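Colleague: Going line by line, the protein sequences match chains W and X.
1 is the number of the first residue of the first sequence in the UniProt record's numbering; add one for each residue after it.
1 is the number of the first residue of the second sequence in the UniProt record's numbering; add one for each residue after it.
Even for Gly, the Cβ is constructed at its ideal location relative to N, Cα and C.
For clarity, every value in this text was computed on a predicted model and none was experimentally measured.
The following block contains the structure, expressed as structure tokens.
There are 2 protein chains.
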Amino acid sequence: MINQRMYELGSEPSAIRELFAYGQARKAEIGEDNVFDFSIGNPSVPAPEAVKRAILDVMEQPPAQVHGYTPSQGAPSVRAAVAASLNRRFDTSYEGANIYMTCGAAASLSICFNAVGNPGDEFIVISPYFPEYKVWIENAGCNCIEVPARRDDFQMNIEAIEGAITPKTKAIVINSPNNPVGSVYPECDLIELANALRRKQDEFGTTIYIIADEPYREIVYGNVRVPFVPPIYENTLVCYSYSKSLSLPGERIGYILVPNTMPDWEHTFNAVCGAGRALGFVCAPSLLQYVIERCVDEPSDVEAYAKNREALYGGLTKLGYECVAPQGAFYLWVRALEPDAQAFAEAAKAHELLLVPSNSFGVEGWLRVSYCVAHETIVNSMPAFAELMREYQTR
Amino acid sequence: MINQRMYELGSEPSAIRELFAYGQARKAEIGEDNVFDFSIGNPSVPAPEAVKRAILDVMEQPPAQVHGYTPSQGAPSVRAAVAASLNRRFDTSYEGANIYMTCGAAASLSICFNAVGNPGDEFIVISPYFPEYKVWIENAGCNCIEVPARRDDFQMNIEAIEGAITPKTKAIVINSPNNPVGSVYPECDLIELANALRRKQDEFGTTIYIIADEPYREIVYGNVRVPFVPPIYENTLVCYSYSKSLSLPGERIGYILVPNTMPDWEHTFNAVCGAGRALGFVCAPSLLQYVIERCVDEPSDVEAYAKNREALYGGLTKLGYECVAPQGAFYLWVRALEPDAQAFAEAAKAHELLLVPSNSFGVEGWLRVSYCVAHETIVNSMPAFAELMREYQTR
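Have a look at this one:
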């Protein structure tokens, strides 16, 4: 009698959340230090001191102002601050009017799918991909079309993407730096993708968006640069969140950028406003909006993740595991030692290693290892990874 | 090419928001004190000191804990605190497991409509009603069925409600204390409604929910008591928000109660979780969740609203306006001096009185006057109301 689809979504938690819950229970059983939980993407680096200072500063303002409704698009001063920060970084000319503040990346994406998608439309995702994309796309009445990444380096297969585009294609979702692989898409590939999309727009007489899901934009290693997509492709919607860059995942704060370089951008912006309204988002949390206004240029603390990355990637490679060298985000993509990733994840569990099998991300044979954990967890887990390797070598 | 329905929802702001925006512009033009803005329900009473103390207290905790993801249903300690508070007040036996923390009342309602509604289902609302109900019901693919309140006292017309129930009726939304009328539904009427719903459930072999939208539960005057609905009717979902009771409308914090006295409540609770997930709500803002844990028994400051109510209701009645005596919330329902409420609201505007015509709420001939304003606004507006009355008397 209730909505069966919603019941199923609510009663079958994601494999990631399930593994995380198992880890919590297992830690209670055998001790925190004896479980190596690489399951979830909860930032281990605490929010910067600047966030706390900003909260205390905002709390000096009159409460009716701090906690009152903001316009549904966000407080004007906050939107202006976000636009100005983008302009400083990317040499753009955005205004507050291009920014729609949201309750985090999930809200940003769900709103975009509903804003541009009509029932029956298609959204292309690149597998492996964050599994909630499919939930939100289908909730907008649309279809999630999976196009596999290249199997050698897990970069975009642009030929395959172009081949998957139909007259019903409304957008392609790209996520760079990538969850779960850690790859960053280079500018040359984005230019090639843009050209392919323009060809298909001309062929079908449609508009095809790029939805750039960028919560990891600030979390990159070495000299890697994450190209900013809107100057490369005009029909780009950027979905941003401060969950990872400022370690605020519980606070639900982010934004959608509808660039003023998009043809008829006001029209699309209005659809974004309408979708936010229809889904039940009244405004992004007000106190946190004012915190963002104050922290908009705060750098992310990448050092701890860089140290973890080195220890994990170096350690596992040395043990003989095949890994994709992560350029960004805080995930390592490791090949399972047998074709069945779920069976391999179970075998790893016996060594107290909690790894997410790639089936959750729409592909076979790999695992995601989240390294947003305490550094000792990585160091202390190495003997277990070595044992696991030995077990498979002597099978 | 984008979603036309979303575009329209985004480009046609609600009449209330439009009037509010007009008021802001007009104040800039002729001075704050010369515009009597009764348009919007933004609490004028500031958040209690206890909220600030709670925020500062939470900020003493480690940031990774304060700002980290909570489970999607909410932090266990917060859910337990909300349940315990309800138990103290209403002699119930809820547990944290019955509470789903949300991003405010809009989220609570949107999630409930999606959780229990299947495409084509009907939700009954009592007109006049909060206009966003229709937006959220239709976004769930369902139909909004308006049943008029009684025309003498704007209480529920239970016979009419029963007559409107069909095999497709999934729920009736009740909002007591009521926006826009200020009425509180008495226990005897709720019992009668419950019996009518049970009769129809038996007749059609269906489950019919009451969705009790209760953001104004704490804001009542004199000896008025707001009956708690779940003990009266088993299939009740309570949608709560702290926007009005703690003056936190911008923070987006509330909850859904799925009572353990509802048959098969776990099933419905899972559908609530699924709907939250599908719409893009990951969790309610974490810092504010922990604030609620600390402020769950904080009383609402009703005194200022009571004083405003007396001045406005007393003043307008004395001038000859027909008003419904408000029992709760912070709205006065006033009969327009001509049949066309929109024309009357325009005439009022010429006296710098910003009143919301009842068409926004699905009925003709009345106006909503929000008295969550500075007391002087009410006192100073009386000559303008008197002028307006004279103007109509001498027409």
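Taking only beta-carbon atoms, is Gln-289/W less than 9 Å away from chain X?
Modeller: Yes, Gln-289/W lies at the interface with chain X (some Cβ there is under 9 Å from its Cβ).
Colleague: Once DSSP output is grouped into helix, strand and coil, what is the label at Gly-163/X?
Modeller: It is helical.
Colleague: Is there a C-beta anywhere in chain X that falls below 9 Å from the one on His-375/W?
Modeller: Closer than 9 Å: no.
Colleague: With 16 other CB atoms within 10 Å as the buried threshold, where does Ser-77/X fall?
Modeller: By the neighbour-count rule (16 or more Cβ atoms within 10 Å), Ser-77/X is not buried but exposed.
Colleague: List, in order along the chain, the chain W residues whose C-beta lies closer than 9 Å to that of Thr-101/X?
Modeller: According to the sequence displayed, residue 101/X carries Met and not Thr. By Cβ distance, chain W contributes nothing, its closest Cβ being about 11 Å from Met-101/X, past 9 Å.
Colleague: Interface residues of chain X around Cys-283/W at Cβ under 8 Å?
Modeller: Here the neighbours are Gly-250, Arg-252.
Colleague: When burial is assigned at 16 or more other CB atoms within 10 Å of the CB, is Val-181/W buried or exposed?
Modeller: Classification for Val-181/W: buried.
Colleague: What are the uninterrupted segments assigned as beta strand (DSSP E) that are 3 or more residues long and contained completely in the stretch 326 to 392 of chain W, given in chain order?
Modeller: Within the stretch 326 to 392 of chain W, the complete beta strand (DSSP E) runs of at least 3 residues are 331 to 335, 366 to 370.
Colleague: Hey, Ala-47/X and Leu-246/X are a contact pair by Cβ (cut 8 Å); roughly how many whole angstroms apart?
Modeller: About 6 Å; that satisfies the 8 Å criterion.
Colleague: At 7 Å on the CB atoms, spell out the chain W contacts of Tyr-7/X, in chain order.
Modeller: In chain order: His-267, Asn-270, Ala-271, Gly-274.
Colleague: Compare the C-beta of Ala-311/W with all C-beta atoms of chain X and state if any pair is closer than 9 Å.
Modeller: With 9 Å as the cut-off, Ala-311/W does not count as an interface residue toward chain X.
Colleague: Roughly how many angstroms separate the alpha carbons of Arg-17/X and Ile-40/X, rounded to a whole number?
Modeller: Cα to Cα, the separation comes out at about 7 Å.
Colleague: Which residues mark the beginning and the end of the alpha helix (DSSP H) in which Cys-188/W is found?
Modeller: Run containing Cys-188/W: 187 to 204, per the alpha helix (DSSP H) assignment.
Colleague: In chain W, which residues lie less than 7 Å from Ile-211/X when you measure between Cβ atoms?
Modeller: The premise fails here: Ile-211/X is roughly 13 Å from chain W at the closest Cβ pair, so nothing lies under 7 Å.
Colleague: Looking only at its chain, what residues have a beta carbon closer than 7 Å to the beta carbon of Thr-166/X, apart from the 5 residues adjacent to it on each side?
Modeller: If we look at Thr-166/X and ignore the five residues flanking it on each side, its Cβ neighbours are Glu-122.
Colleague: Mind checking which residues open and close the alpha helix (DSSP H) that includes Asn-308/X?
Modeller: Taken as a continuous stretch (DSSP letters only), the alpha helix (DSSP H) holding Asn-308/X covers 303 to 318.
Colleague: Please tell me whether Ile-253/W and Ile-210/W are closer than 9 Å, where the distance is taken between their beta carbons.
Modeller: No, they are not a contact pair.
Colleague: Mind listing, in chain order, the continuous alpha helix (DSSP H) runs of no fewer than 4 residues lying wholly within the stretch 29 to 95 of chain W?
Modeller: Fully enclosed alpha helix (DSSP H) runs of 4 or longer: 49 to 58, 63 to 67, 76 to 90.
Colleague: Looking only at C-alpha atoms, which of Leu-248/W, His-375/W, Ala-384/W sits nearest to Leu-354/W?
Modeller: The shortest Cα separation from Leu-354/W among Leu-248/W, His-375/W, Ala-384/W belongs to Ala-384/W.
Colleague: Determine the closest residue to Glu-214/X out of Leu-237/X, Asn-380/X, Tyr-69/X, Cys-144/X, with distance taken between C-alpha atoms.
Modeller: Ranking Leu-237/X, Asn-380/X, Tyr-69/X, Cys-144/X by Cα distance to Glu-214/X puts Leu-237/X first.
Colleague: Got a sec: is the Cβ-Cβ distance from Thr-166/X to anything in chain W below 9 Å?
Modeller: No - not a single Cβ of chain W is within 9 Å of the one on Thr-166/X.
Colleague: According to DSSP, is Glu-266/X part of a helix, a strand, or is it coil?
Modeller: DSSP places Glu-266/X in helix when its eight states are reduced to three.
Colleague: Looking at C-beta atoms only, is the number of pairs between the stretch 54 to 71 of chain W and the stretch 274 to 290 of chain W that lie closer than 8 Å three or more?
Modeller: Yes, since at least three Cβ pairs between the stretch 54 to 71 of chain W and the stretch 274 to 290 of chain W fall closer than 8 Å, the two stretches touch.
Colleague: Keeping to the same chain, check which residues put their C-beta closer than 8 Å to that of Gln-342/W; ignore five residues upstream and five downstream.
Modeller: Pro-357, Asn-359.
Colleague: Going by beta carbon distance, what residues of the same chain come within less than 6 Å of Ile-158/X, once the five residues before and after it are set aside?
Modeller: Glu-192, Leu-193, Ala-196, listed in sequence order.
Colleague: Here's the rule: buried if 16 or more other CB atoms are within 10 angstroms of the residue's CB, otherwise exposed. What is Glu-380/W?
Modeller: The sequence shown places Asn at residue 380/W, not Glu. Counting Cβ neighbours within 10 Å, Asn-380/W comes out exposed, since fewer than 16 surround it.
Colleague: Does any CB atom of chain X fall closer than 9 Å to the CB of His-351/W?
Modeller: Judged by the 9 Å Cβ criterion, His-351/W is not in contact with chain X.
Colleague: Is it buried or exposed for Gln-393/W, if we count other Cβ within 10 angstroms and need 16 for buried?
Modeller: Per the 10 Å Cβ criterion, exposed.
Colleague: Given residue 396/W, which residues of its chain have a CB within under 8 Å of its CB, disregarding the five upstream and five downstream residues?
Modeller: Residue coverage of chain W in this structure runs from 1 to 395, which leaves residue 396/W outside it and unanswerable.
Colleague: Taking a Cβ distance cut-off of 7 Å, strictly less, list which residues of the stretch 180 to 205 of chain W are near chain X, in chain order.
Modeller: Taking 7 Å as the Cβ-Cβ cut-off against chain X, none of the residues of the stretch 180 to 205 of chain W qualify.
Colleague: Between Val-173/W, Ala-54/W, Ile-137/W, which has its C-alpha nearest Pro-148/W's C-alpha?
Modeller: Here the closest residue by C-alpha is Val-173/W.
Colleague: Looking only at DSSP bridge pairs, what is Ile-256/X linked to?
Modeller: DSSP output for Ile-256/X lists Tyr-100/X, Cys-239/X as bridge partner(s).
Colleague: Counting C-beta neighbours from all protein chains within 10 Å, is the total for Gly-163/W 16 or more, i.e. buried, or is it exposed?
Modeller: Classification for Gly-163/W: exposed.
Colleague: If the cut-off is 7 Å on Cβ atoms, which residues from the stretch 131 to 162 of chain W count as contacting chain X, listed in chain order?
Modeller: For the stretch 131 to 162 of chain W, which is checked against every Cβ of chain X, the residues closer than 7 Å are Val-135, Trp-136, Asn-139.
Colleague: I want to know whether the stretch 259 to 271 of chain W touches the stretch 78 to 96 of chain W - three or more CB-CB distances under 8 Å.
Modeller: Yes, the stretch 259 to 271 of chain W touches the stretch 78 to 96 of chain W.
Colleague: What are the start and end residues of the beta strand (DSSP E) that includes Asn-179/W?
Modeller: Careful: Asn-179/W lies outside any beta strand (DSSP E) and carries neither H nor E.
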